[in-house]
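Structure first, commentary second.
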Amino acid sequence: MGKNAVKRQILEYLICPECLPAESGLRLENFRSRDEEIIEGRLECPRCAKAYPIIDGIACLEIGPQETLAPSDVGPSTSAYESPEVLSTYLWTHYADLFGDPDVTQAYSRWAAQFAPTSGAALDTGCATGRFSFEMSAKCDLVIGVDASMSFVATARRIMRERKLSFTIKEEGLIHSEKSFILPPEWNPAKVEFVVADAEALPFRSNSFACVASLNVIDKTARPLEHIREACRTARPDNAQLLLSDPFSWSEKICAPENWLGGAPNGKFTGAGMENVAHLLSAPNQPAGPAWTIARRGAVWWKIRNHRNHFELIRSLFIKAQR
Ligand SMILES: [Zn+2]
Numbered sequence: 090m091g092k093n094a095v096k097r098q099i100l101e102y103l104i105c106p107e108c109l110p111a112e113s114g115l116r117l118e119n120f121r122s123r124d125e126e127i128i129e130g131r132l133e134c135p136r137c138a139k140a141y142p143i144i145d146g147i148a149c150l151e152i153g154p155q156e157t158l159a160p161s162d163v164g165p166s167t168s169a170y171e172s173p174e175v176l177s178t179y180l181w182t183h184y185a186d187l188f189g190d191p192d193v194t195q196a197y198s199r200w201a202a203q204f205a206p207t208s209g210a211a212l213d214t215g216c217a218t219g220r221f222s223f224e225m226s227a228k229c230d231l232v233i234g235v236d237a238s239m240s241f242v243a244t245a246r247r248i249m250r251e252r253k254l255s256f257t258i259k260e261e262g263l264i265h266s267e268k269s270f271i272l273p274p275e276w277n278p279a280k281v282e283f284v285v286a287d288a289e290a291l292p293f294r295s296n297s298f299a300c301v302a303s304l305n306v307i308d309k310t311a312r313p314l315e316h317i318r319e320a321c322r323t324a325r326p327d328n329a330q331l332l333l334s335d336p337f338s339w340s341e342k343i344c345a346p347e348n349w350l351g352g353a354p355n356g357k358f359t360g361a362g363m364e365n366v367a368h369l370l371s372a373p374n375q376p377a378g379p380a381w382t383i384a385r386r387g388a389v390w391w392k393i394r395n396h397r398n399h400f401e402l403i404r405s406l407f408i409k410a411q412r
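Residue numbers (this note's numbering): 90 to 412.
In structure tokens form, the structure reads like this:
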């Protein structure tokens, strides 16, 4: 595998997120490659002429004004998800079981257990530092993780290349300790790729994925209904599995109350978000493609660690659906 290059096999899935709902394939231009992987280059849309950069192996397919970001640029940022402290927090949540930390929950293996092994590709929306994508590599032929955070995707790709990582976590005040982990042998990073993209405008062709996951993303997006529509659009019309899980922690800072899918005092999505999402998926006029059958509903405990003695415990309610 190349040192820092995007896997060429994902290119056939990609379309221009700016042109959605039109599906315009992207042309690879000005690229530097090694074997089946692309190190640098541009993905150009012939329809709207927007060019999406590939920087150090990271394809950046976000909508909105073009930014010129490099992984080394992720210092002080407007997004909370780009700060080193938040990165460390997510790495702990994703991987602490691999270094034997007794305080972490088993959320990711419990979510992964919801998927039956299948041929075809999986999509992990809001993949953060990649834990769930790696888990899915044991169940599918190819896994694509997407996240809007350059720093998360750069870190996930580093774990993908090296199969291991050392990072520091806060113990107390200014005292930190170093933690290291190695991916278990049953996970196959050669089947995994990560790209930067928006959960509400997924840069993938319709009907592409055998498995689609949205884990703790719904309440983190400004347009949750669009995100669910995109998850449904990119899933195959049949023989597909979908896992949506969320604590429904609606926040006016992230999403205007009129766009919430639950917890609203009035409007279409009053009441519990979990019920509304289940109804959306199984309704005949559901977001995109054929209606889903709800196979299972449940909850997993998910934990964030702020320091040695400070944790946030979150109950994420899940729906496993198939069609
Ligand atoms: Zn376009």
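Beta carbons: idealized from backbone N, C-alpha and C, even for Gly.
Looking at I307, A410, Q203 and A243, the one whose alpha-carbon comes closest to that of M225 is Q203. Looking at P206, G215, E171 and W181, the one whose alpha-carbon comes closest to that of M239 is E171.
By the C-beta criterion, the segment 175-191 is judged not to be in contact with the segment 310-325, since fewer than 3 inter-stretch pairs fall below 8 Å. The Cβ atoms of A320 and L333 lie closer than 9 Å to each other. N365: not part of any beta strand (DSSP E); member of the alpha helix (DSSP H) spanning G362 to S371, first to last residue. Spanning the alpha carbons of F337 and A245 requires a straight line of approximately 25 Å. Going by DSSP, E261 is part of the beta strand (DSSP E) stretching over K253 to E261. In the same chain as A237, and ignoring 5 residues on each side of it, the C-beta atoms closer than 6 Å to its own belong to D287, in chain order. Remark: the shortest separation between the CB of A290 and any heavy atom of ligand 1 does not fall under 8 Å. In the DSSP assignment, the residues bridged to T382 are Q411. For the options I317, R394 and I233, the alpha carbon positioned closest to that of H368 is the one of I317.
S295 is not a Cβ neighbour of E151, given a cutoff of 9 Å. Assigned with DSSP and collapsed to three states, A324 falls in strand.
Taking 9 Å as the cut-off, the Cβ atoms of D230 and S208 count as close. Membership of F221 in the alpha helix (DSSP H) is indicated by the continuous run R220 to M225. Inter-residue distance for C216 and I403 is about 17 Å (C-alpha atoms, whole angstroms).
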